[in-house]
Structure formats: C-alpha cells, structure tokens
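J.:
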Amino acid sequence: MDMGEYRKVFFRLDYLLLLAVAVIIGIGLVVLNSASSHEAGNQVLKQIISICIGLVVFLISLNFEYNIFSKYYRQIYVFTILMLIAVLIFGHEAGGAKSWFKFPVIGTFQPSEVAKILLIISYAQFLEDRRGHLNTLWELIQAFMFFVPPVLLILMQPDMGSAMVFLAIMIGMLFMAGANWKWLLGIFGGGLVAGIGYIIGIWKFGWWSPLMKHQLNRFLVLFDSTIDRQGVGWNAWQAKIAIGNGGFFGQGIGSGTQSAGDFLPEQWTDFIFAVLCEELGFIGASVILIMFGVLLYRGIKIAMTSRDFYGSLVAIGVVTMFFFHVFENVGMNIGIMPIAGIPLPFISYGGSAVLANFMGIALLENIYMRRESLSFRE
Numbered sequence: 000m001d002m003g004e005y006r007k008v009f010f011r012l013d014y015l016l017l018l019a020v021a022v023i024i025g026i027g028l029v030v031l032n033s034a035s036s037h038e039a040g041n042q043v044l045k046q047i048i049s050i051c052i053g054l055v056v057f058l059i060s061l062n063f064e065y066n067i068f069s070k071y072y073r074q075i076y077v078f079t080i081l082m083l084i085a086v087l088i089f090g091h092e093a094g095g096a097k098s099w100f101k102f103p104v105i106g107t108f109q110p111s112e113v114a115k116i117l118l119i120i121s122y123a124q125f126l127e128d129r130r131g132h133l134n135t136l137w138e139l140i141q142a143f144m145f146f147v148p149p150v151l152l153i154l155m156q157p158d159m160g161s162a163m164v165f166l167a168i169m170i171g172m173l174f175m176a177g178a179n180w181k182w183l184l185g186i187f188g189g190g191l192v193a194g195i196g197y198i199i200g201i202w203k204f205g206w207w208s209p210l211m212k213h214q215l216n217r218f219l220v221l222f223d224s225t226i227d228r229q230g231v232g233w234n235a236w237q238a239k240i241a242i243g244n245g246g247f248f249g250q251g252i253g254s255g256t257q258s259a260g261d262f263l264p265e266q267w268t269d270f271i272f273a274v275l276c277e278e279l280g281f282i283g284a285s286v287i288l289i290m291f292g293v294l295l296y297r298g299i300k301i302a303m304t305s306r307d308f309y310g311s312l313v314a315i316g317v318v319t320m321f322f323f324h325v326f327e328n329v330g331m332n333i334g335i336m337p338i339a340g341i342p343l344p345f346i347s348y349g350g351s352a353v354l355a356n357f358m359g360i361a362l363l364e365n366i367y368m369r370r371e372s373l374s375f376r377e
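Numbering (numbering that gives the first Met the number 0), first residue to last: 0 to 377.
1. Given a cut-off of 9 Å on the beta-carbon distance, is the pair Ile315 and Gly205 in contact?
2. What is the DSSP secondary structure of Thr268, reduced to helix, strand or coil?
3. Please work out which residues of its chain come closer than 8 Å, Cβ to Cβ, to Gly324, disregarding the five sequence neighbours upstream and downstream, and give them in chain order.
4. Short of 7 Å in beta carbon distance, which residues of its chain neighbour Ile50, apart from the five on each side in sequence? Order them along the chain.
5. I need the straight-line Cα distance from Ile26 to Leu16, nearest angstrom please.
6. Please list, in chain order, all residues of the same chain as Ile240 whose beta carbon is under 6 Å from its beta carbon, the five residues on each side excluded.
7. My understanding is that Gly298 touches Leu363, with C-beta atoms under 8 Å, so please give their C-beta distance in whole angstroms.
8. Is there contact here, the region 260 to 277 with the region 302 to 311, by at least three beta-carbon pairs under 8 Å?
9. Based on the DSSP output, what are the partners of His91 in its beta bridges?
10. Going by C-alpha distance, which of Ile120, Trp137, Phe108, Phe326 is nearest Asn179?
11. Using the Cβ count rule (16 or more neighbours within 10 Å means buried), how would you classify Asp13?
12. Quick check on the burial criterion: 16 or more other C-beta atoms within 10 angstroms. Buried or exposed for Arg197?
13. Taking DSSP's pairing of strands, which residues face Gly106 in a bridge?
14. Residues in the same chain with beta-carbon distance under 7 Å from Ile366, minus the five sequence neighbours each way, listed in chain order, please.
15. For my contact list, Ile116 and Gly359 are in at a C-beta cut-off of 8 Å; report their separation, rounded to the angstrom.
16. Is there contact between the region 66 to 73 and the region 110 to 129, where contact requires at least three CB pairs shorter than 8 Å?
17. Could you check what DSSP says for Gln156 in three-state terms: helix, strand or coil?
18. Between which two residues does the alpha helix (DSSP H) holding Met336 run?
19. For Asn179, which three-state DSSP category applies?
20. Take every Cβ of the region 128 to 135, pair it with every Cβ of the region 95 to 114, and state whether three or more of those distances are shorter than 8 Å.
Next comes the structure, spelled out in structure tokens:
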C-alpha cells in the first residue's frame, strides 16, 4: 500500500477499541513491574518486547483481507493439530504440564495460546459452510467434533485452562452461527451439571478421577477453602486477602502487604488481578474492568456490523475468547472459579498470550475497517 492507502486504513480503525487496549496495557505494565520486582529476570522488559512484537504483527495484518484465511481453513486447522501434537512430543515440561516449546535466546513459546486464534479463523469458515444446518442434535454433534481433537490434545499436556477456553469459543461461535439454542443450552447445561456433580462425587465419595491431584484440587477448593492449604488452597486464600486489603483506593504501587511481602504466589501471572486490587483498590480494578467492557462492547459491535458472515463469526470468537479469559481470571482471583492458570489479557506476564491477544485485536480491527469494501492493491 502507498501512503495514501495507509492513511485511509488508519482513518478507519476503531480508536475506542485501541484506547481501551492501550489503557489496559499501560496499567498492566505498572502492576507487572510491582508484582515482579522481587523476581529474578526482567519480566517487564520481556513483556515490553512481546508487546512490540505484537504491535508489528498487528500492523502487518492490516495489509491483508481478513477473509483470506477462509480459503485455507482446512490447512490452518491441520497445522494447529500438528502443532499441538508436536508440543506433546518435543515440548518443554514445567509445573507438571508439557505445554511449551523452548528455544535458545528466544525463550519459551506456548502453542495453545496461538491455537485459540487459529481455531477461531478456521472454525468460522467451518460454520459458515453449515449455515442454516445447525438445528438438529446430529448437526450439532458434527459441529462439536471439530473441537474434539484440539481439546483432547490440550488435556493430554495437561492444560485444563486452555481446554475450557476452547470450549467457550466453540459455544460462542455456535450461538452466533444460529445453532438451535435449546439444544445448545441443553447440552451445555447438562454437561455443566454433570461435571459439577462428578467433582462433588470425587470430593465427597472418593470417585475415581483422571485428573492429577493438584488439578483436582483447583476445582475442589471452590467447595472447601481448607483443601491443599500449602498449594492451590493457599493461593486462593492469599488472593482473597490481597483483594480485601486494597479497599477503595488501594495501598499504593509496590506497597501491597501480600504482594510486596511475597505471600501471594504467581502474582505476575495467574494472580496479577489480586495485586492490582491490593495496590490500586476498587478504583483501579473498576477502571480495568470498564476498559475490558469497552473492548468486549466494541468487539460485539464489530461482529454486528461486519460486511460478511465469516467476519461476524471471527469477531464473536475473539470476543468470546477475551470474555472467558477475563471472567475466569478475575473469577479465580475472587474465588468463584477454579484456578485454571488462564492469563488476564494484556496484563499477565507471558509472550505467547500477548501475541495471541494482539492477533485477536488485529482481527477485530481488520473486520471493522473493512466493514465497507476498500480498494487495496495486492
């Protein structure tokens, strides 16, 4: 594109969405700097580098029509599956999970984060091809089967959190695709009730569980906060204390009792929201949640105004991904969701997650600026 076409592109971007992302990133870096100040390694610098890489990917992606991916959705899906298989064979294990590739100099890369975006852009075309044919139970089962291989591969790592995100994306996109909501609600509701009942059965009656003990405790701590007080129970308890300590205005950056005293574990990844609440209080937490609300609102608006159905499906997939990440991360910090290791978008430390987040925003902006046809030279 020449400079005139670039100006045309940037004039059509959704700047309210970009403003929300910028505020989230800015506050996130401040909190991350505080949360990681006593850790070895410069997490803030690494996060800034990841953000810069994400920005480059974002800017490059604006040159291409978003629906170019629809032509290659089968290849993208196969690549995603192969990537998830490869990490099981060649991956680096940490914390009991084989979820990362480890490279010299570059560091680690978590395929499951990028897989979320790849599954969104491939599933969108899969559903568009079946538009109007998602009304019966059999048709829904066929649509569910698309996600069975990636979910099983993720569970084999094991990574319960990413598997939950995959399922949330599937349900959100099926709803947007016009799937029979009664069947969808029945299957989802029935599965949820059965899952909760099974967990209670394991807890109360000692039923057999395929989950490892530390994974199971992440769910059981929802029902009994005294479980595993030296592990996930301790994490959940300290997060609640940190949030309560914050009060209305917070204790100040770097002055949090639980975070500065290193009582709160995983405070620059899983529990960074608790650090934010302790240091910036209700005011800071409200600002972040409002910014996420703006992001989700603009994403839904983009889905509703897309020039084609494929764009609407992609946008709602990205929105669902962001929504579930925020809901699960905040929920596990305040004790209403299991501790599943899902990062808070643009705030939790992690290069792979930051890259996936920017890819999601790039898709939304790409769909928004092409809501009416633009003339781009190939």
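Note that beta-carbon positions come from the ideal geometry of N, C-alpha and C, so glycine has one too.
T.: Based on what the coordinates show:
1. no
2. coil
3. The residue asked about is misnamed: residue 324 is His in this sequence, not Gly. Excluding residues within five positions, the ones whose Cβ falls inside 8 Å are Val164, Ile341, Pro342, Leu343, Pro344.
4. Ile24, Val353
5. 16 Å
6. Gln257
7. Confirmed, Cβ separation roughly 5 Å.
8. no
9. Trp99
10. Trp137
11. buried
12. Note that residue 197 is Tyr in the sequence shown here, rather than Arg. Result: exposed.
13. Phe102
14. If we look at Ile366 and ignore the five residues flanking it on each side, its Cβ neighbours are Tyr65, Ile301, Ser305, Gly310, Val313, Ala314.
15. 6 Å
16. yes
17. Per DSSP, reduced to three states, the secondary structure at Gln156 is coil, with no helix or strand assignment.
18. Careful: Met336 lies outside any alpha helix (DSSP H) and carries neither H nor E.
19. coil
20. no
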